[in-house]
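Residue numbers (our numbering): -17 to 228.
Here a beta-carbon is modelled for each residue, glycine too, at the ideal position from N, C-alpha and C.
All values reported here derive from a predicted model rather than from experimental measurement.
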Amino acid sequence: MRVLILRPEAQARAMADALAAVGVPATIAPMLAVVPEPDVVGSVVDGQVSPQALVFTSVAGVEAFAADPRRGELAAIAAVAVGPATAATARAAGFATVIDAAGDGEAVVRAVVAAFDPASGPVVHVGARERAVDVADRLAEAGFSARTVVAYRTETVAAVDPAVAADVAAGEFAAVVVASARTAEAFGRWLERAGIAVPATTALAAISAKAAAPLRPFFARLVIAREPSGESLTKAVVALRAPERE
-17 MRVLILRPEA QARAMADALA AVGVPATIAP MLAVVPEPDV VGSVVDGQVS PQALVFTSVA
43 GVEAFAADPR RGELAAIAAV AVGPATAATA RAAGFATVID AAGDGEAVVR AVVAAFDPAS
103 GPVVHVGARE RAVDVADRLA EAGFSARTVV AYRTETVAAV DPAVAADVAA GEFAAVVVAS
163 ARTAEAFGRW LERAGIAVPA TTALAAISAK AAAPLRPFFA RLVIAREPSG ESLTKAVVAL
223 RAPERE
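Below is the structure:
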C-alpha cells in the first residue's frame, strides 16, 4: 500500500514520517506552496493594544510567526491552537501557555470563548490570507475585540511531477490525501487538464467532508477522518490497510 499526500510541504512531510513509522510508504506532491508574509509580529503589536491571546489555525501560521526575529515580544501571551500538531509547534516556538482546541476553526472559537474574558483585551488570529472560517468575525460575534493578522498565503503549484501523474493514472496509490478544499480544488483542476481518470481502487482520504467535496466526482471511494485533525486523518489512512490483511 502506498499513498499520495497533497498537503503543503511541511505538513506532508510530517504525515509521511508518521505513516512510515507504521509501515505505510507515501509520496509527497504538494498542490499548494506556503509563502510567509513579512513582519508578522509587527503587524500584531505595532500601534495596537497588546492582545490577551493569539489564535493559530495551522502549523504554517505558527511557523511564519516563529520565523519573525521579534517573536520573543509575544512569548508570554497565551496561544490557542487548532489541534495537537499546531499546539506542539506553538510550544516549540516558545509559547509557555498553549491551549489545544483539538478540532477546527469553530472549535478554536469555542476554546477562546471558554478560556478568555472579552473585557481582558483583544484576541488576534494569526492565519492565512485564505480562511475556511473567519475566526475574528466569529469572536466578534461573541463579544471579543478581534482581528486577523495575515501570516502567510498559499499559491497553487504549477504542475504535478510526471512520474506521480503516471502512478495516479495506473492506480499505484491506495489513497490520495487532502486536508483542505483549496488543495482538493487544485488537484481536481489538474486531473481535468491531464485527462486522468482515477481508478476505482484509489480512495480519497480527506480531513473533512468540506475538504473532500471538490474531488467527490473523481473518486469512487471516500474516507473521512473522524475528527478534523492531522492525527485523525493519518489514522484514517492507516485504517485502509485492513482489507489487505484479511
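Evaluate residue i with the Cβ neighbour count: other Cβ atoms within 10 Å of its Cβ, from every protein chain shown; 16 or more gives buried, anything less gives exposed.
i, result
"Glu45", "buried"
"Gly54", "exposed"
"Val131", "buried"
"Leu204", "exposed"
"Arg198", "exposed"
"Pro144", "exposed"
"Asp28", "exposed"
"Ala157", "buried"
"Val31", "exposed"
"Ser102", "exposed"
"Gly109", "buried"
"Ala141", "exposed"
"Pro33", "buried"
"Ala3", "exposed"
"Ala185", "buried"
"Gly87", "buried"
"Ala42", "buried"
Tell me, to the nearest whole angstrom, how far the beta carbon of residue i is from that of residue j; I am working on the premise that it is less than 8 Å.
i, j, result
"Ala63", "Ala57", "The Cβ separation is near 15 Å, so there is no contact."
"Val22", "Asp50", "5 Å"
"Ala(-10)", "Pro12", "One detail in the question is off: residue -10 reads as Pro in this sequence, not Ala. Yes, Pro(-10) and Pro12 are in contact; Cβ-Cβ is about 5 Å, under 8 Å."
"Phe77", "Ala35", "In fact, because the Cβ distance is near 10 Å, the residues do not count as touching under 8 Å."
"Val219", "Leu14", "Incorrect: roughly 19 Å between the Cβ atoms, too far for contact."
"Ala187", "Ala163", "Incorrect: roughly 15 Å between the Cβ atoms, too far for contact."
Going by beta carbon distance, what residues of the same chain come within less than 8 Å of residue i, once the five residues before and after it are set aside?
i, result
"Glu228", "Low confidence applies to Glu228: its pLDDT is 41, below 50, so where it sits in the model is not reliable enough to give any reading."
Which of the three DSSP states is assigned to residue i in this structure?
i, result
"Arg232", "Residue 232 lies beyond the residue range present for the chain, which begins at -17 and ends at 228; the question has no answer from this structure."
"Thr9", "strand"
"Gly54", "helix"
"Gly43", "helix"
"Val91", "helix"
"Leu(-14)", "strand"
"Arg227", "The predicted model places Arg227 with a pLDDT of 44, which falls under 50 and marks its position as unreliable; any figure quoted below should be read in that light. Note: Arg227 maps to helix in three-state DSSP."
"Asp82", "strand"
"Pro18", "strand"
"Phe201", "coil"
"Thr184", "coil"
"Leu222", "coil"
"Val26", "helix"
"Gly229", "Residue 229 is absent from the structure shown; the chain starts at -17 and stops at 228."
Spatial neighbours of residue i within its chain, please: C-beta separation below 7 Å, excluding the five flanking residues on both sides.
i, result
"Ala202", "Ala182"
"Arg111", "Val132, Arg135"
"Val90", "Val37, Thr39, Val62, Val64, Ala83, Val117"
"Leu121", "Val91, Val94, Val105, Ala128"
"Ala75", "Val44, Phe47, Ala48, Arg53"
"Ile10", "Ile(-13), Ala(-6), Arg(-5), Ala(-2)"
"Glu226", "With a pLDDT of 48 at Glu226, under the threshold of 50, the modelled position of this residue cannot be trusted; read the value that follows with caution. Same-chain partners within the cutoff: Met(-17)."
"Trp172", "Val142"
"Ala176", "Ala147"
"Thr309", "Since the displayed the chain opens at -17 and closes at 228, residue 309 lies outside it and no answer follows."
Spatial neighbours of residue i within its chain, please: C-beta separation below 6 Å, excluding the five flanking residues on both sides.
i, result
"Pro100", "Gly125, Phe126"
"Ser211", "Gly65"
"Val180", "Phe200, Phe201"
"Ser214", "Ala207, Arg208"
"Thr79", "Ala60"
Verify the contact flag: residue i, CB atom, against every heavy atom of the ligand SAH, threshold strictly below 6 Å.
i, result
"Ala221", "In the structure on display, the ligand SAH does not appear, and there are no ligands present to speak of."
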